[in-house]
Amino acid sequence: GAGVSQSPSNKVTEKGKDVELRCDPISGHTALYWYRQRLGQGLEFLIYFQGNSAPDKSGLPSDRFSAERTGESVSTLTIQRTQQEDSAVYLCASSLQGTQPQHFGDGTRLSIL
Amino acid sequence: GIQVEQSPPDLILQEGANSTLRCNFSDSVNNLQWFHQNPWGQLINLFYIPSGTKQNGRLSATTVATERYSLLYISSSQTTDSGVYFCAVSQGAQKLVFGQGTRLTINP
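Here's what the structure looks like:
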């Protein structure tokens, strides 16, 4: 499809394990964003990639969270030593450029037992 | 940072009714988007509307940038309109800041 693709759609893991979430942006979109949505809440910004510029990591909640992006394609969000408060839906969005409308994937629902 | 407030937080209507959702923001923006999050959690783009008025079928939106608010209008509501409506704004090429949403329930 032509939309933002995220995998896995659901992930259940034990506290203390590491998890890796994947995002495939819309082809040609130079900007990529990760957000987190806790149950019943709005979305919180995590990290922003724009082309080859240094990413904006200002939303990452702790040093257990990291993200990478290869060029203008796939991004992975890694959470190390997961905690129960990390349970949330993690959404990825992409846009043509940073000032253009953002298009969201369906998210990864992460549950930490 | 910029603040986004949405009202009302909850809205319950009968099918066929009209509704107006409001989004206030605390500073100038160059991006404003309205989203519908359906019961399955998918975020659907409704409008990209940093200023002006747009219409798409039964939905329309107006943003008055100078007064820092936006309105989303839904006419002749259907049960499939149920869900949470989010307003989100950004300044420059930056993250979207989301409001807390309006939960709309349309009863048959």
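Chains as they are written, first to last, in my numbering: chain C, -1 to 111; chain A, 61 to 168. Glycine residues also receive a C-beta, built at the ideal position from the N, C-alpha and C atoms.
Where does residue i sit, in a helix, a strand or coil, going by DSSP?
i: Glu12 (chain C); result: coil
i: Asp70 (chain A); result: strand
i: Glu83 (chain C); result: helix
i: Thr97 (chain C); result: coil
Out of curiosity, what's the CA-to-CA distance linking residue i and residue j?
i: Thr74 (chain C); j: Gly57 (chain C); result: 16 Å
i: Asn84 (chain A); j: Ile72 (chain A); result: 21 Å
i: Asp149 (chain C); j: Glu18 (chain C); result: Absent from the model: residue 149 (chain C). The displayed extent of chain C is -1 to 111, so no value can be given.
i: Phe43 (chain C); j: Glu75 (chain A); result: 35 Å
i: Pro6 (chain C); j: Gly105 (chain C); result: 8 Å
i: Ile109 (chain A); j: Ser130 (chain A); result: 9 Å
i: Ser3 (chain C); j: Leu81 (chain A); result: 30 Å
i: Asp54 (chain C); j: Ile45 (chain C); result: 6 Å
i: Cys21 (chain C); j: Tyr33 (chain C); result: 12 Å
Since residue i contacts residue j with CB under 8 Å, what's their CB separation in whole angstroms?
i: Thr162 (chain A); j: Val144 (chain A); result: 7 Å
i: Ile134 (chain A); j: Ser79 (chain A); result: 5 Å
i: Val64 (chain A); j: Cys147 (chain A); result: 6 Å
i: Ala77 (chain A); j: Ser120 (chain A); result: Not a contact, Cβ separation roughly 16 Å.
i: Phe158 (chain A); j: Leu37 (chain C); result: Incorrect: roughly 15 Å between the Cβ atoms, too far for contact.
i: Gln160 (chain A); j: Pro69 (chain A); result: 7 Å
i: Gly49 (chain C); j: Glu70 (chain C); result: 7 Å
Taking all protein chains shown into account, do 16 or more other C-beta atoms lie within 10 angstroms of the C-beta of residue i, making it buried, or fewer, making it exposed?
i: Thr80 (chain C); result: buried
i: Val124 (chain A); result: exposed
i: Arg67 (chain C); result: buried
i: Ala52 (chain C); result: exposed
i: Ser86 (chain A); result: exposed
i: Gly103 (chain C); result: buried
i: Pro23 (chain C); result: buried
i: Asp141 (chain A); result: buried
i: Ile77 (chain C); result: buried
Quiz prompt | Length at least 3, wholly inside the region 91 to 132 of chain A: the beta strand (DSSP E) runs in chain order | solution = 91 to 97, 103 to 108, 112 to 116, 119 to 124
Quiz prompt | Contained beta strand (DSSP E) runs [length at least 3] in the region 2 to 74 of chain C, N- to C-terminal order | solution = 3 to 5, 8 to 11, 17 to 22, 29 to 35, 41 to 48, 63 to 67
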